[in-house]
Amino acid sequence: MKRIVPFLFFIIFVSTIASAQIDFGSLEDEQIYRPDRKYNTWSLTAGYGPVIYYTDVIDYTFFPSSNMKFGPSVQLAKQLGRAWSVEAEFLMADMYGQKYKRYFEGDFRQAGLNLKVYINQLIFNGPMRDRWNVYAKLGLGATFFRASMREQGSERLHTMGDIFGGVSGYPTNYSGWLESDYLVIGYRRNGYPAEETPVLEKTGREGGLVIPMGLGARYRINKSFDLGVEATLHNMAGDNLDVDMTGADNDAYMHASFSLTYKFGKKNKRHASWTYKDFNLSYERERLNDPLAYKLDSLRRQLEQLSSISADTLAGDTTFISKEETIRHELFSASLFFDFDKSDISERSHRTLAGVARFMEENPEAKLTIQGYTDQRGSADYNIRLSEKRCNNAKKVLVEDYGIDESRFTVVPKGDSELLSDTRTLAPRGVHLVNRRVDIIQTNY
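Laid out in structure tokens, this is it:
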């Protein structure tokens, strides 16, 4: 038992060091968190483990050597984005502690709400190795308990007189207690027949506020289940858990548990806590809201096309004529962008292709090259086929929907051979989105 908490912190430390570098370039599309998408956000956790009490009537500093008590816990959590969640928790256990010739025993029930933050989501922007999440939590709850104090060996119930009788001026919080009252909470204190060990009559449980503070780690088995380990210290607002109300500090108890979590929702969707920050999001917003960014991309492609002209072309009078035409006529280019592993033409791309078709109709001599690209996730052969499919789908729209002659197009699938944004060397700032595209470029000037 003494190894449980150190083991927990060891797991957290090793996992943090091992995951200091997350390969954002290898992430699948489903792993990337986007606010406009739906994710599984509800989970139910069942845990079980030892409960260690820190009260006045204990004979240990950190861990008891005997009479260890165990208890179950249940947590229902709602994820709020990647990093935060709200958790309703229920915990129960028997209680025991001993010191000198007396001991206390009882049981408690606790319910409360916790705010949980996934530390790795804030520091590393995602799960560690796609398997580990480390979190901290802070909450507010209420505990309801019953307890009694007895003499070791005889099991006789202690009274106020046994502990504080004849000691005048001793500071206590037993206001309204008689010396003949039994040291019990949640039971009737007096009025029993004269006998050594009366059968206690239950009354209402004693209630009090509790503030849980904990650390934990989760290991992802699959999209539906996680394994977990957690240690939470529950700090009470009172000093009466062991029926000894003479201490200088409030009572507390720690629950260290091993748990299994079930994540509700569709089996083909990830839970939001197991997703990564979308570094493409700011780029996409820039393209949507800033027309200049789109214009700069078009100019970049034109410069790349011009740079491919051979040195022979840039000689003599022909060079002068070519430059003059370039100055007077802007080269036509357009780009279509695709979701991960998709080749469907989106609504936005249809609008772009409508502009391409209009240019073709107004310039009947123009010929276009359709170049397809992918990001670097997937094999080279697969990416060539995927880029070719994207090119052909774009050409199909222009030919079948707008009646453009098929001979005016040249399809050039390039797969992942020419990455505009090298997402491995630039991680985490690389942009997958710009690599998943089709460029349509005018090839005759």
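Going by the numbering used here, the residue at position 90 of the sequence shown is 90; the numbering climbs one at a time, nothing skipped.
Where a beta carbon is used, it is the ideal one built from N, C-alpha and C, also for glycine.
Treat the numbers as computed from the prediction; the structure is a model and nothing was measured.
Residue i vs residue j beta-carbon contact at 8 Å
i           : j           : result
residue 128 : residue 108 : no
residue 367 : residue 444 : yes
residue 54  : residue 253 : yes
residue 137 : residue 212 : yes
residue 143 : residue 121 : no
residue 200 : residue 210 : no
residue 273 : residue 230 : no
residue 277 : residue 33  : yes
residue 88  : residue 75  : yes
residue 140 : residue 112 : yes
Residue i - DSSP class collapsed to helix/strand/coil
i           : result
residue 395 : helix
residue 310 : The predicted model places residue 310 with a pLDDT of 48, which falls under 50 and marks its position as unreliable; any figure quoted below should be read in that light. Here residue 310 sits in coil by DSSP.
residue 44  : strand
residue 158 : coil
residue 226 : strand
residue 323 : Since pLDDT at residue 323 reaches only 46, below the 50 mark, its modelled position is unreliable, and no value is offered.
residue 114 : strand
residue 152 : coil
residue 103 : strand
residue 316 : Model confidence at residue 316 stands at a pLDDT of 45, short of 50, so the residue's coordinates are unreliable; what they give is reported in the following sentence. The answer is helix: DSSP assigns residue 316 an H, G or I state.
Cβ shell of residue i (< 7 Å), same chain only, five flanking positions each side left out
i           : result
residue 363 : none
residue 30  : 270
residue 439 : 301, 333, 335, 371
residue 312 : Only weak support is given to the placement of residue 312: the predicted model assigns it a pLDDT of 48, under 50, and the question is left unresolved by the model.
Residue closest to residue i, alpha-carbon to alpha-carbon, out of the options
i           : options            : result
residue 180 : 201, 198, 158      : 158
residue 419 : 388, 413, 390, 374 : 374
residue 61  : 83, 70, 99, 77     : 99
residue 340 : 436, 382, 391, 422 : 436
residue 205 : 241, 230, 235      : 241
residue 264 : 77, 68, 67         : 77
residue 275 : 81, 42, 56         : 81
residue 415 : 343, 268, 140, 381 : 381
residue 152 : 174, 409, 101, 126 : 101
residue 39  : 261, 239, 267, 95  : 267
residue 221 : 234, 131, 161, 164 : 131
Proximal residues to residue i (C-beta, below 8 Å), its chain only, five neighbours per side dropped
i           : result
residue 397 : 345, 350, 353
residue 148 : 104, 105, 106, 157, 182, 183, 184, 185, 187, 200, 243
residue 195 : none
Contacts around residue i, its chain only, beta-carbon distance under 6 Å, and the 5 residues preceding and following it disregarded
i           : result
residue 218 : 133, 226, 228
residue 70  : 50
residue 317 : Reliability fails at residue 317, whose pLDDT of 48 lies under 50, so the model's placement of it is uncertain and the value that follows must be treated cautiously. Excluding sequence neighbours, residue 317 sits near nothing in its chain.
residue 192 : 198
residue 47  : 73, 257, 259
Rounded distance between the beta-carbons of residue j and residue i, thought under 8 Å
i           : j           : result
residue 259 : residue 45  : 5 Å
residue 97  : residue 58  : 4 Å
residue 399 : residue 388 : With 8 Å as the limit, residue 399 and residue 388 do not qualify as a contact, their Cβ atoms being about 16 Å apart.
residue 411 : residue 392 : 6 Å
residue 173 : residue 249 : Actually they are not in contact, since the Cβ atoms of residue 173 and residue 249 sit about 13 Å apart, beyond 8 Å.
Residue i CB to nearest heavy atom of the ligand SAH below 7 Å
i           : result
residue 132 : The model depicted lacks the ligand SAH and carries no ligand whatsoever.
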